[in-house]
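Taking the working numbering, the leading residue of the sequence shown gets 3, the next gets one more, and so forth. By construction, the Cβ of each residue, glycine as well, lies at the ideal position given by its N, Cα and C atoms. Note that this is a predicted model, so its numbers are computed, not measured. Take a look at the structure set out below.
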Amino acid sequence: MKVLITGGAGFLGSHLAEAWLDRGHDVTVLDPAGDLKVRHLRVNPRFRTIRESVLNREILDGLVAWSDLVYHLAAVVGVEHYVGDPYQVLTVNINGTQEVLTAAFRHGKKVVFSSTSEVYGRNTAVPFDEDSDRVLGSTRTDRWCYATSKAAGEHFCFAYARMGLRVVVLRYFNVYGPRLDQLDRGRVVTIFIGQLLRGEPLTVIGDGSQTRTFTYVDDAVRATVQAGLRPEAEGQAINVGSEEEISIGDLAARMIRITGSSSRLIFVPQDAVYANGYEDIPRRVPAVRRMHELLGVRAETTLDKGLEQTIEWFKRP
Ligand code: UDP
């Protein structure tokens, strides 16, 4: 099978590319970023990267025509972008998704769209099942542009599904693992690992009572592969996540215990970190029935095991 992965040079895409190559398939990554996270795959003759944006219509169309299955992961992600460059977030995430779906529809190819648990916004009624309400703030608050852009992408998916496109929407819940971000940048797991490895205090934002469920990348990738293979997933939105809910304060303590570090916790007021009215999500837990029933996948990696493996990877020379 020929698999196209837009945004495939990123964290999740690089693991997904690896998984399809391991199964003996051909993989092409379309990504304007450098290929640092897929550099180790370049020796494989079944693998190639095209350094271009999904907004390049001609290139995109040719690659979709070549492929049997399209994973659309390309997006502008990261809190700094939501509040720093909402125009770019909206353009790439909404227009890019429309371009990919249009090309896939034209060529009759199946699409797996990577959405996010962010679409549920600050809804506090956890666990979120896929039909739960989306609770977002005002459009005057830039931080909601990412959730809005991904939700618009989902609407496009379902609009195309009505016209006959085979499409699956996956909503990922805080996926982590090797190659996540650069240390100290991006998401909480990599920020804490950077601080731990230097023996510095772990910066818990707010009072640390906000919760997440962290999903180890291998589990997320197994679900993503199955979404590409199983016809019963088509036309559905499916949460991809673990049910192991943990507060950020407890996550910090857990990571200190796992590494045996002498780091302590410091609590940083939200206002000091998040400018422009950024608002944290208080709780985020998925309902995972659809993931089990439609994809046949459960998140099997415990948080302890996943953290150990991730920390080990970041410690390597
Ligand atoms: N967080 C934290 N300290 C940090 C970075 C993040 O306490 O140095 C918190 C953040 O406020 C949020 C949680 O960790 O409650 C997860 O943040 P992340 O940016 O990784 O993902 P998201 O908020 O999108 O779930």
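Limits of the beta strand (DSSP E) - the one that residue i falls within
| i | result |
| --- | --- |
| K152 | That residue, K152, is in no beta strand (DSSP E); its alpha helix (DSSP H) goes C147 to R164. |
| K4 | K4 to T8 |
| E247 | E247 to S249 |
| F49 | F49 to I52 |
| T126 | Looking at the DSSP string, T126 is not in any beta strand (DSSP E), and its letter there is neither H nor E. |
heavy atom of the ligand UDP below 8 Å from residue i C-beta
| i | result |
| --- | --- |
| E120 | yes |
| Q212 | yes |
| I283 | yes |
| T205 | yes |
| I194 | In the sequence as displayed, the identity of residue 194 is Phe instead of Ile. Yes, since a heavy atom of the ligand UDP falls inside the 8 Å radius drawn around the Cβ of F194. |
| N97 | no |
| R256 | no |
| I250 | yes |
| Q184 | no |
| V191 | yes |
| V270 | yes |
| R286 | yes |
| V85 | no |
| G123 | no |
| G137 | The amino acid at residue 137 is misidentified as Gly; the sequence shows Val. Because no heavy atom of the ligand UDP lies under 8 Å away, the Cβ of V137 does not count as near it: no. |
Distance between residue j and residue i (C-alpha atoms, nearest Å)
| i | j | result |
| --- | --- | --- |
| S265 | I313 | 15 Å |
| G188 | E82 | 8 Å |
| V287 | W146 | 19 Å |
| A77 | E60 | 19 Å |
| I268 | Q100 | 43 Å |
| S55 | V170 | 22 Å |
| D24 | A222 | 16 Å |
| R214 | L14 | 18 Å |
| S119 | T304 | 20 Å |
| V206 | K307 | 22 Å |
| T93 | F49 | 28 Å |
| L103 | G10 | 17 Å |
| Q212 | T126 | 11 Å |
| H157 | P129 | 22 Å |
| N58 | I96 | 14 Å |
| A21 | V177 | 16 Å |
| T141 | V45 | 46 Å |
| L204 | L65 | 44 Å |
| Q228 | L75 | 16 Å |
Min CB distance residue i to chain B below 9 Å
| i | result |
| --- | --- |
| L18 | Absent here is chain B; the protein component of the structure consists of one chain. |
Chain-order list of residues whose beta-carbon lies under 8 Å from that of residue i (same chain, five-residue window excluded)
| i | result |
| --- | --- |
| R124 | V137, L138, G139, E281, I283 and P284 |
| K132 | It should be noted that the sequence gives Glu, not Lys, for residue 132. Hits under 8 Å: R173, Q238, A239, I240, N241, A289 and R292. |
Same chain only: Cβ atoms within 6 Å of residue i, ignoring 5 sequence neighbours per side
| i | result |
| --- | --- |
| V121 | R136, A149, K152 and A153 |
| A301 | T217, D221 and S244 |
| A35 | A11 |
N- and C-terminal bounds of the alpha helix (DSSP H) containing residue i
| i | result |
| --- | --- |
| A19 | F13 to D24 |
| L309 | L305 to K317 |
Contacts around residue i, its chain only, beta-carbon distance under 7 Å, and the 5 residues preceding and following it disregarded
| i | result |
| --- | --- |
| D63 | A105 |
(request) Mind the definition here: the region 236-246 touches the region 194-208 only if three or more C-beta pairs lie below 8 Å; say whether that holds. (result) Cβ pair count under 8 Å is below three, so no.
(request) Kindly confirm or deny that the region 177-186 and the region 256-276 touch, where touching means at least three C-beta pairs closer than 8 Å. (result) The region 177-186 makes no contact with the region 256-276; the number of CB pairs closer than 8 Å stays below 3.
(request) Tell me, please, whether the region 67-77 touches the region 9-28 by the rule of three or more beta-carbon pairs shorter than 8 Å. (result) Segments in contact, yes.
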